[in-house]
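K.L.:
Numbering (the working numbering), first residue to last: 37 to 121.
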DNA sequence: GTGATGACGGAAA
DNA sequence: CTTTCCGCCATCA
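Pasting the structure below:
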């Protein structure tokens, strides 16, 4: 799970549901626990909205993640967890 | 063992 | 498109 999160390249994002389809909430809890060492900012909700806050958005924009209003353009930035490895 | 909660997701109105 | 409601599995009190 965390392995996938780490495999997400800069400029792209994945979703909690991708990392843990059976318990997406659990994925979030794990990320929080993981803290640093994982690009947690590249993990967003399935609809592209952010879960953490402004901090996350800044990081994503800095990496060139396309935004549409308050949400990420999943069509462009979403990389399915399956493709990570 | 039980009940409540959460960095979520999908369906319905 | 937005707002509501229920289900999911693991943790914690």
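Beta carbons are placed, not taken as given, at the ideal position from N, Cα and C, and that holds for glycine.
CB residue 67 to CB residue 84, shorter than 8 Å?
P.N.:
The count along the first chain starts at 1 and reaches residue 67 at position 31. The count along the first chain starts at 1 and reaches residue 84 at position 48. The answer is no: Cβ separation not under 8 Å.
K.L.:
What residue ranges within the stretch 64–103 form continuous beta strand (DSSP E) runs of no fewer than 3 residues, ordered along the chain?
P.N.:
Listed in chain order, nothing qualifies, since the stretch 64–103 has no complete beta strand (DSSP E) run of 3 or more residues.
K.L.:
Under the rule that 16 or more other beta-carbon atoms within 10 Å means buried, what is residue 78, buried or exposed?
P.N.:
The residue given as residue 78 occupies position 42 in the first chain. Under this definition residue 78 is a buried residue.
K.L.:
Would residue 52 and residue 43 qualify as a contact pair, given that the criterion is a beta-carbon distance under 8 Å?
P.N.:
Position 16 of the first chain holds residue 52. Position 7 of the first chain holds residue 43. The answer is no: Cβ separation not under 8 Å.
K.L.:
Just the C-alpha distance for residue 108 and residue 117, rounded to the nearest angstrom, thanks.
P.N.:
Here residue 108 refers to the residue found at position 72 of the first chain. Here residue 117 refers to the residue found at position 81 of the first chain. Answer to the nearest angstrom: the Cα atoms are 17 Å apart.
K.L.:
Give the DSSP bridge partners of residue 108, in chain order.
P.N.:
As a position in the first chain, residue 108 is number 72, starting the count at 1. According to DSSP, residue 108 bridges with 103.
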